[in-house]
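Trainee:
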Amino acid sequence: MCGIVGYIGRKEAHPILLDGLKRLEYRGYDSAGLAISDGKKISVFKSAGKIIELEKKIGKKPISGSAGIAHTRWATHGKPSTKNSHPHCDCNKNIFLVHNGIIENYQELKENLSRKGHKFRSGTDSEVIAHMIEEFGKKYDFREAVMETLKILKGTYGLAIMSKDFPDEIIIARSGSPLILGVGKGEFIIASDASAIIRHTNKVVYLEDGELAVVGKDGYEITNVRNHSIKKKISEVDWSFDKAQKQGFEHFMLKEIFDQPGAVRDAIRGRLVAEEGVARLGGLRNVEEELKKIDKIIIVSCGTSYYAGLVGEYMLEEYAGVPVEVEYASEFRYRKPILNKRTAVLAISQSGETADTLAAIREAKNKGALVLGIVNVVGSTIARETDSGIYNHAGPEIGVASTKAFTSQLSILSMLALKLGRQREMSLVMGKRIAGDLEKIPKLIEKVLKESKAIKKIAKKYSKYGNFLYLGRKYNCPIAYEGALKIKEISYVHAEGYPSGEMKHGPIALIDKDFPSIFVVPKDSVYEKNISGMEEIKARGGKIIAVATQGDKEIKKVADDVIYIPKTLEILTPLLSVVPLQLLAYYVGVSKGYDVDKPRNLAKSVTVE
Ligand code: F6R
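At position 231 of the sequence shown the residue is numbered 278 (my numbering), and the sequence of numbers has no breaks.
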């Protein structure tokens, strides 16, 4: 949420900052701004709306200067407007800063500063930081004033700060909001995530909470707020700039839907040993013995990752025989979870930065549970704070609505079920069947993707409806939830996901000719039950789109439209059945003319609780 970019080096900062903002726009896109120093003065431009509005405001004239900070915002305090967009500054326009996070004690700080005569220009919590630095600056130098300020702030921040009096440095700091320092040759790029850095360098330093860095043209120094120096290793980002491009697709979302065969291949590569019916998950090596002893798993996650967790619950209980609970991460810490040393808490997160999920694992750690992660972004906070974990290797997911991360999470969860299952009761024969069929999934997803034209037609036919009911059972019940979430996010139509067996207990009251249902109904152990549900809807005049197994001719008697997926093992059907639902949401959104990569009010990576 909110994207920060900073540059200090020998090149003109202006184009680098704008390019970085565009790469980070998926983190927030209601307003944007930048500040650039030419050594003598700091030029500031801000605008409400997307980055393009900022570009228009700047116009063609280059802004000279080789140090600068920039920000793309997702509003928390203060509505999206030019006045509330970052950078914010102090009274004297000496200190400029961009901030990601929430300052919880800002009201109290603002009142104190106002009493001392400070005048505020925005309705944000962030501005208070600039005034505090100004206030401490009466006694301390720039660096010390920043440190004194950070000691008082409560809440979360990723910060990049410039001072007119110290034009050769940018101070960055982190607590709870991600911040990375890209280390180039004679230049440094600061960003909320690697997508704004990778074009310039793949060498990065991940800042930890409580750390700050003073970055100049020729080097940087990392300390804590007490000015104790910290040595940190330089890591390498393992994906290339190409992977963060649209590669000819109209939208990132569509590209990422089509990336899924590759994403699943990358998730299972080197891990799945089909001949032995096992999964070797190197990231869990250091907890191998603990895993044998666990007798409960609690999955914590949000949104789409939560639905992956629900599929994982079916997988792990059926094949590993381990009881599983799936919790919304945002609720977990407010309950009194019963945890002990034999409980594993598994966080699932694409970004690895979701504040609710992070808070949940911190709570689990406090209570002594083994904390594991399935995370896509390497080096992210959740990846670093879990005891052990499995990376997705799905590459960057830029579309705000999660797609390839989901199927990648499902493939990892099925490998986890295989691993834990084979440690327990699962036979070699069953292990080989699951592993063998999982290996075939990428090819089967390719087959589903070949149906995209037909799905586009169906999307067109149904795009006039304002309500949808998504229904599924057992493994495909969470897929119904995920299908409904996708169409809500991208097309702004009302959709509800329900277990199909639950439909007759209430939601059926909604059904009439204007309220279509989407049934996820592969040929599995609950097929007949699903058909009964479909008949009940048909009998009430409801239209039905079915996602069914190739060769199922009977389904056409009950459904108005059918999208076929290839046959696979029941446990793996979600990896196929979700794909048509992603495409359906995508095409409905596009047909309505919406920006599907940046749906209104949303942002990738929700770093506030
Ligand atoms: C939905 C979506 C969100 C995320 C959720 C969790 O399309 O993208 O619901 O799934 O915010 O994010 P991560 O997985 O990054 O923790």
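Backbone N, C-alpha and C define an ideal beta-carbon position, used for all residues, glycine too.
Since we're looking at a predicted model, the values are computed, not measured.
In angstroms, rounded to a whole number, what distance separates the CA positions of Glu336 and Gln456?
Mentor: Approximately 23 Å between the Cα atoms of the pair.
Trainee: Closer than 8 Å is the cut-off here; do at least three beta carbon pairs connect the segment 245 to 260 with the segment 85 to 103?
Mentor: The segment 245 to 260, when compared against the segment 85 to 103, does not touch it at the 8 Å Cβ threshold.
Trainee: I'd like to confirm something about Thr404: is its beta-carbon nearer than 7 Å to some heavy atom of ligand 1, or not?
Mentor: Within the cutoff, so yes.
Trainee: Near Val262, which residues of its chain fall below 6 Å by C-beta distance, leaving aside the five closest residues on each side in sequence?
Mentor: Cβ within range, chain order: Ile55, Ile217, Phe235.
Trainee: Please report the residue range of the alpha helix (DSSP H) in which Ala482 lies.
Mentor: Counting along the chain, the alpha helix (DSSP H) containing Ala482 begins and ends at 475 to 496.
Trainee: For ligand 1, enumerate in chain order all residues having a CB closer than 5 Å to any of its heavy atoms.
Mentor: Matched residues: Cys349, Gly350, Thr351, Ser352, Ser396, Gln397, Ser398, Thr401, Ala448, Ser449, Val653.
Trainee: How should Ile281 be labelled, buried or exposed, when 16 other C-beta atoms within 10 angstroms of its C-beta is the threshold for buried?
Mentor: Its Cβ having fewer than 16 others within 10 Å, Ile281 is exposed.
Trainee: Under the three-state reduction of DSSP, which class applies to Val655: helix, strand or coil?
Mentor: In this structure, Val655 counts as coil in the three-state DSSP scheme.
Trainee: Could you check which residue in Lys88, Ala650, Ala402 has the C-alpha nearest to that of Ser111?
Mentor: It is Lys88 whose Cα lies nearest to the Cα of Ser111.
Trainee: Using three-state DSSP, classify His61 as helix, strand or coil.
Mentor: Three-state result, His61: helix.
Trainee: Helix, strand or coil for Leu616, going by three-state DSSP, please let me know.
Mentor: Coil.
Trainee: Met581 lies in the alpha helix (DSSP H); which residues open and close that run?
Mentor: Unbroken alpha helix (DSSP H) run through Met581: 574 to 585.
Trainee: State whether the segment 405 to 424 contacts the segment 286 to 295, with contact taken as three or more CB pairs (one from each stretch) at a distance under 8 Å.
Mentor: These segments do not touch.
Trainee: On the criterion of 16 or more Cβ atoms from any shown chain inside 10 Å, does Asp559 qualify as buried, or is it exposed?
Mentor: Burial call: exposed.
Trainee: Measuring CA to CA, which of His298, Ile219, Ala367 is closest to Tyr641?
Mentor: Nearest of His298, Ile219, Ala367 to Tyr641, Cα basis: His298.
Trainee: Could you name the residues that DSSP lists as bridge partners for Tyr375?
Mentor: Tyr375 is bridged to Ser348.
Trainee: Return helix, strand or coil for Tyr517, following the three-state DSSP convention.
Mentor: Strand, per DSSP.
Trainee: So, at 7 Å on beta carbons, what are the nonlocal neighbours of Leu649 in its own chain, with the 5 sequence-adjacent residues on each side left out?
Mentor: For Leu649, where only same-chain residues beyond five positions count, the Cβ hits under 7 Å are Val447, Glu536.
Trainee: Hey, would you say Ala117 sits closer than 8 Å to Leu160, going by beta carbons?
Mentor: Taking 8 Å as the Cβ cut-off, Ala117 and Leu160 do not qualify as a contacting pair.
Trainee: Terminal residues of the continuous beta strand (DSSP E) containing Ala668?
Mentor: Any property of residue 668 remains undetermined from this structure, which presents the chain solely from 48 to 656.
Trainee: With 8 Å set as the bound, which would you pick, yes or no: does the beta-carbon of Pro225 sit closer than that to a beta-carbon of chain D?
Mentor: Structure shown: chain D not included; a single protein chain is present.
Trainee: In the segment 378 to 406, which residue ranges form an unbroken alpha helix (DSSP H) of at least 4 residues, counting only runs that do not cross its ends?
Mentor: None, since the segment 378 to 406 contains no complete alpha helix (DSSP H) of that length.
Trainee: Are the segment 516 to 530 and the segment 348 to 358 touching, with three or more C-beta to C-beta distances below 8 Å?
Mentor: Because the criterion of three Cβ pairs below 8 Å is met, the segment 516 to 530 and the segment 348 to 358 touch.
Trainee: What residue does the beta strand (DSSP E) around Glu216 start on, and which one ends it?
Mentor: Run containing Glu216: 213 to 222, per the beta strand (DSSP E) assignment.
Trainee: Report the three-state DSSP secondary structure of Lys201 (helix, strand or coil).
Mentor: Here Lys201 sits in coil by DSSP.
Trainee: For His133, count neighbouring C-beta atoms within 10 Å of its own C-beta (all shown protein chains included) and say buried if the count is 16 or more, exposed if not.
Mentor: Buried, by the Cβ-count rule.
Trainee: Which stretch, first to last residue, makes up the alpha helix (DSSP H) that contains Gly309?
Mentor: Run containing Gly309: 307 to 315, per the alpha helix (DSSP H) assignment.
Trainee: With a floor of 3 residues, list each beta strand (DSSP E) that falls wholly inside the segment 224 to 277, ordered by position along the chain.
Mentor: Counting only runs of 3 or more, we get 227 to 230, 235 to 238, 250 to 253, 258 to 262, 267 to 271.
Trainee: Is the beta carbon of Glu195 sitting closer than 8 Å to the one on Tyr187?
Mentor: Yes.
Trainee: Decide if Asn274 is buried, meaning its Cβ has at least 16 other Cβ atoms within 10 Å, or exposed.
Mentor: Exposed.
Trainee: Give me, in chain order, the residues of the same chain whose beta-carbon lies closer than 6 Å to that of Glu268; leave out the 5 immediate sequence neighbours on both sides.
Mentor: Here the set comprises Val261.
Trainee: Glu322: buried (16+ other C-beta within 10 angstroms of its C-beta) or exposed?
Mentor: Exposed: under 16 other Cβ atoms inside 10 Å.
Trainee: Express the C-alpha separation of Asp265 and Arg57 in angstroms, rounding to a whole number.
Mentor: One C-alpha to the other measures close to 10 Å.
Trainee: Work out the CA separation of Ile437 and Leu419 for me, nearest whole Å.
Mentor: In a straight line, the C-alpha of Leu419 is about 8 Å away from that of Ile437.
Trainee: Starting from Ile89, trace the beta strand (DSSP E) in both directions and tell me its first and last residue.
Mentor: Start and end: 89 to 95.
Trainee: Would you grab the beta carbon distance between Ile502 and Val311 for me? Rounded to a whole angstrom, and I think it's under 8 Å.
Mentor: Between Val311 and Ile502 the Cβ distance is about 19 Å, and since that is not below 8 Å, they are no contact.
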